[in-house]
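Going by full-length UniProt numbering, 192 is the number at position 183 of the sequence shown; the sequence numbering is gapless. Don't be surprised by glycine CBs; every beta carbon is placed ideally from N, CA and C. Down below is the structure, laid out as structure tokens.
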Amino acid sequence: QATAGPIIRVEQLEVRFGDFKAIRGLNFSLAPGELRFLIGPNGAGKTTLLDVLCGKTKPSSGTVRFKDNWDLAKFQEHQIAQLGIGRKFQSPSIFATLSVLDNMLLALKAQRGLLRTLLAATAAGQRERAIGHLETVGLAHKSGLQAGALSHGEKQWLEIGMLLSQEPELLLLDEPAAGMTDSETEKTGELLVRIGQTQTVIVVEHDMEFVKQFASIVTVMHEGSVLREGTMEEIQADDQVAQVYLGR
Ligand code: ADP
């Protein structure tokens, strides 16, 4: 499934809400295997960009291509999930009264692709895969617990595990560490780096300390387009970025 080109290529994207342009002339591309952090002041259009990438919001104009092939404007949200783009929203959507493992097994049933379904058809195979993903997110030892009894951070990790069950090639995460304790935040950063070794990940994040610690390449958005892209050192040394954050 290796692609020579970018996994995401956005060209001249515009998203209008009535007369207001939330995204204006945005160009953005992402190589497969990158863990990319998206930052920028409130209202910059970060969430809207994630919404476009997962099909929740349609482009007003411009193009968004997945793996240089799929024109995402032509697909519905659930079809985009099937193509391999997984989105985690901020509010958890776990089943509180079911066990952690059962939540994972439910998520596995929603996985994409007939072949994958056939390969994982046995109950034992499903369990094994569910536990594998729970190990990735650090919850294997809690598989028998009711999901509702997990801490806030653990619930977020369970959701990431459920997302991994769909085997997305691109994961979109909106403030994955919001509301977490310091130690949970640290673990979440490590988890992102680990996931980033096998999948492409875009993370919208407001916590600059978190970004500094875990980001390699950062994209700074401002007023609906990309202001700068670079390493955190480059971004921090940039006058325009400083201006945008300090307000004008
Ligand atoms: P960010 O995530 O960077 O804070 P958003 O993408 O949430 O920014 O929002 C970008 C701009 O678009 C904001 O000014 C916001 O008010 C506006 N916006 C977002 N969604 C809608 C909508 N559904 N209707 C009208 N305006 C919207």
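For I32, tell me which candidate among L39, L62 and E195 has the shortest Cα-Cα distance. Position 23 of the sequence shown, counted from the start, is the residue given in the question as residue 32. For the residues L39, L62 and E195, the minimum Cα distance to I32 belongs to L62.
Could you tell me the alpha carbon to alpha carbon distance between A116 and L110, rounded to whole angstroms? Here residue 116 refers to the residue found at position 107 when the sequence shown is read from its first residue. Here residue 110 refers to the residue found at position 101 when the sequence shown is read from its first residue. Roughly 10 Å between the two C-alpha positions.
Using 10 angstroms around the beta-carbon of K118, count the other beta-carbons present and answer buried if the total reaches 16, otherwise exposed. As a first step, residue 118 is located in the sequence shown; it is residue number 109 there, counting from the start. Burial call: exposed.
Looking at N230 and the ligand ADP, is the gap between the Cβ and the nearest heavy atom below 7 Å? Taking the first residue of the sequence shown as 1, we reach residue 230 at position 221. The residue you asked about is not Asn; residue 230 is Met in the sequence shown. True, at least one ligand heavy atom lies under 7 Å from that Cβ.
Can you give the Cα-Cα distance for H231 and F104, rounded to whole angstroms? Translated into the one-based positions of the sequence shown, residue 231 becomes position 222. Translated into the one-based positions of the sequence shown, residue 104 becomes position 95. So the two alpha carbons sit approximately 37 Å from each other.
Does DSSP put R257 in a helix, a strand or coil? If you number the sequence shown from 1, residue 257 lands on position 248. Any reading at R257 must be qualified, since the residue scores a pLDDT of 47, below 50, and its modelled position is unreliable; no value is offered.
Round the Cβ separation of S69 and V24 to the nearest angstrom and send it over; I've been treating them as touching at under 8 Å. Mapped onto the sequence shown, residue 69 falls at position 60. Mapped onto the sequence shown, residue 24 falls at position 15. S69 to V24, Cβ: 5 Å. Contact.
Does the beta-carbon of F26, which I'm using as the reference point, lie nearer than 7 Å to any heavy atom of the ligand ADP? Numbered from 1 along the sequence shown, position 17 holds the residue referred to as residue 26. Checking every heavy atom of the ligand ADP against the Cβ of F26, one is found closer than 7 Å.
Taking 6 Å as the limit between beta carbons, can you name the residues of its chain near A53, skipping five residues before and five after? For this step, residue 53 is matched to residue 44 along the sequence shown. Cβ within range, chain order: M230 and H231.
Whole-Å CB distance - V220 paired with M189, under 8 Å assumed: For the purposes of this step, residue 220 is taken as the residue at position 211 of the sequence shown. For the purposes of this step, residue 189 is taken as the residue at position 180 of the sequence shown. No, V220 and M189 are not in contact; Cβ-Cβ is about 15 Å, not under 8 Å.
Under a criterion of Cβ closer than 6 Å to any non-hydrogen atom of the ligand ADP, which residues qualify, in chain order? F26, F29, A31, G49, N51, G52, A53, G54, K55, T56 and T57
From this set, A90, L173 and E243, which residue's C-alpha is nearest E144's C-alpha? Your numbering for residue 144 matches position 135 in the sequence shown. For the residues A90, L173 and E243, the minimum Cα distance to E144 belongs to L173.
So, with DSSP's three-state summary, where would you put D191? Along the sequence shown, one-based indexing puts residue 191 at 182. Of the three classes helix, strand and coil, the one that applies to D191 here is helix, per DSSP.
Does G34 come out as helix, strand or coil in the three-state DSSP assignment? To locate residue 34, count along the sequence shown from 1; it is residue 25. Correct three-state label for G34: strand.
Enumerate in chain order the residues of its own chain whose CB-to-CB distance from F95 is below 6 Å, with the five nearest sequence positions on each side excluded. Reading the sequence shown from its first residue, position 86 is the one you call residue 95. Note on identity: in this sequence residue 95 is Gly, with Phe being the wrong assignment. Closer than 6 Å at Cβ, skipping near neighbours: L172, Q175, P177 and L180.
If I measure Cβ to Cβ from I244 and keep anything under 7 Å in the same chain, skipping five residues before and after, which residues do I get? Position 235 of the sequence shown holds residue 244. Closer than 7 Å at Cβ, skipping near neighbours: V227, V229, R237 and V250.
Write down the C-beta distance between T66 and T72 rounded to the nearest angstrom, noting that I regard them as a contact closer than 8 Å. Working through the sequence shown from its first residue, we reach residue 66 at position 57. Working through the sequence shown from its first residue, we reach residue 72 at position 63. Wrong, their Cβ atoms sit about 15 Å apart, outside the cutoff.
Assuming the contact rule is C-beta atoms closer than 8 Å, H142 and G170 should be a hit. Round their C-beta distance to whole Å, please. Here residue 142 corresponds to residue number 133 of the sequence shown, with the count starting at 1. Here residue 170 corresponds to residue number 161 of the sequence shown, with the count starting at 1. Confirmed, about 5 Å.
For S108 and L154, which I take to be in contact (beta-carbon distance under 8 Å), what is that distance rounded to the nearest angstrom? Here residue 108 refers to the residue found at position 99 when the sequence shown is read from its first residue. Here residue 154 refers to the residue found at position 145 when the sequence shown is read from its first residue. Confirmed, about 6 Å.
Bridge partners of H142, per DSSP? Here residue 142 refers to the residue found at position 133 when the sequence shown is read from its first residue. None; H142 has no bridge partner.
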